[in-house]
Amino acid sequence: MRHRSERPDLRQRIGATLVEWGQSVDGLAATVPEEEVHRHVELLWSPNGEERVRAAWWLGERGVRQAGPQIAAAMADGGTLRPCQLAHNLGKLGDDRWIGQLIEASRHPTNLDLRVCATDALGDLSSTRAIDGLIDVYRRDLAAVSALEALGTIAEPGTLPFLRSVAEHPRNKIEQQRALRAIERAQIMAQADPVPALIRRVEDSARGRFLDDWAVRKLVHRGDDRAVSVFAQAIGRHNLSEDDQIMLAAALLTLGKPGMTALRNAAASGPALLVAQEAISWSQQAVAR
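Just so you know, our numbering puts 1552 at position 115 of the sequence shown, and the rest follows in order with no gaps.
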């Protein structure tokens, strides 16, 4: 109940999505009051271990990237009750300078939860700089399934030989399934122009219950205007959740004037009206500043 009462608002969730994707939010108005950031950073050093976990969750859910050094330090501190949760939130900050520390945590000799959460966080960061470390985690059989999941999120074509070797000689069925999914994604990114395939994944998933967040993120990273129409169509669908609407609004914010035009259309009517209005208001407030 406490977590529900402290959930970030729409603007904060849109901003946190951009941060997690590694997008710059410079020039946009702050979504979190500075005094609240300072208060929660101080709580990372509370003598109560649960307070540290809640503070990291609060900062991570709002994409407070500047809190990364304190979250990383608290994760490594012996007084933190559940460092695995801090690793998870560190991965939400879209900052690949924490890759080394997360790789080290993914090799922890005794804390299995920390190994898994740190490996998942490397997937959240989705940086090619983590590839060698993730392959090493898999080969050590420390958090092997999570490592394959993270490699599938990164989807770097250069990992295809390794992924194929796993798919051909898996240690179990789950590993084979994760390797095959990672291969499918890496093959898409190996195409000379992966945008049409990524657009098809968004279109197909928008007809169901869950939007393909991997394809949305990859399209955002490419910054291709061809993605505007599919994002605009998807945000107008009635079957998508608020989380998916927020993802699409954040994606459209990254696509310049065409994206803003699509957001204005969504803000005029439709199921994502409130989310689109909040995204536009945030952007206009930043321009006014």
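Yeah, the Cβ is synthetic: ideal placement off N, Cα and C, and Gly gets one too.
Quantities reported herein were computed from a predicted structural model and do not represent experimental measurements.
- Of the candidates A1709, N1548, A1558, A1704, A1709 places its Cα closest to the Cα of Q1682.
- Inside the region 1479-1541, DSSP marks whole alpha helix (DSSP H) runs of 4 or more residues at positions 1486-1498, 1505-1513, 1520-1527, from first to last along the chain.
- Proximity of the region 1685-1693 to the region 1653-1671 meets the contact definition, three or more beta-carbon pairs being nearer than 8 Å.
- A residue is called buried when at least 16 other Cβ atoms come within 10 angstroms of its Cβ; T1565 does not meet this threshold and is exposed.
- Per the Cβ contact rule, the region 1606-1615 is not in contact with the region 1635-1651 (fewer than 3 Cβ pairs under 8 Å).
- The beta carbon of R1615 sits closer than 7 Å to those of V1582, L1585, E1586, G1589, all from its chain and outside the five residues before and after it, given in chain order.
- Close CB contacts of A1504 within its chain, under the 7 Å cut and outside five residues either way in sequence, are with V1474, V1478, L1496 (chain order).
- Scanning D1578, A1524, V1462 for the CA closest to the CA of A1510 turns up A1524.
- Shown here for I1625: same chain residues with a beta carbon closer than 6 Å to its own, the five before and five after excluded, namely P1631, A1634 in chain order.
- S1720 and A1713 have their alpha carbons spaced roughly 11 Å apart.
- Judged by their CB atoms, L1559 and G1531 are not nearer to each other than the 8 Å cut-off.
- Spatial neighbours of D1514 in its own chain (CB-CB distance under 7 Å, excluding positions within 5 residues in sequence) are not present.
- The Cβ-Cβ distance between L1677 and A1686 does not fall below 8 Å.
- Positions of the alpha helix (DSSP H) runs, each at least 4 residues long and wholly inside the region 1571-1607, are given as 1581-1591, 1597-1605 in order along the chain.
- Closest option to V1574, judged by alpha-carbon separation, among R1552, G1595, S1718: R1552.
- Nearest to Q1670 by alpha-carbon distance, out of G1707, N1526, R1654, L1597, is G1707.
- Residue ranges of uninterrupted alpha helix (DSSP H) with 4 or more members, entirely inside the region 1596-1671 and ordered along the chain, are 1597-1605, 1610-1626, 1632-1643, 1650-1659.
- The continuous alpha helix (DSSP H) containing V1456 extends over residues 1447-1457.
- For the 8 Å CB-CB criterion, R1448 and T1468 form a contact.
- Under the three-state reduction of DSSP, S1678 is assigned to coil, being neither helix nor strand.
- Around the beta-carbon of Q1722, fewer than 16 other beta-carbon atoms lie within 10 Å, marking it exposed.
- Separation of D1649 and E1443 (C-alpha to C-alpha, rounded to the nearest whole angstrom) is 27 Å.
- Between D1561 and L1539, the alpha-carbon positions lie close to 11 Å from each other.
- Within a 10 Å sphere around the beta-carbon of D1557 sit 16 or more other beta-carbons, which makes this residue buried.
- Under the DSSP assignment, P1695 falls in the alpha helix (DSSP H) whose first and last residues are 1693-1705.
- When secondary structure is reduced to three states using DSSP, V1553 falls in the helix class.
- The Cβ atoms of N1526 and W1494 sit closer than 8 Å to each other.
- Each of I1568, W1651, E1457 was checked against the Cα of V1501, and the nearest Cα belongs to E1457.
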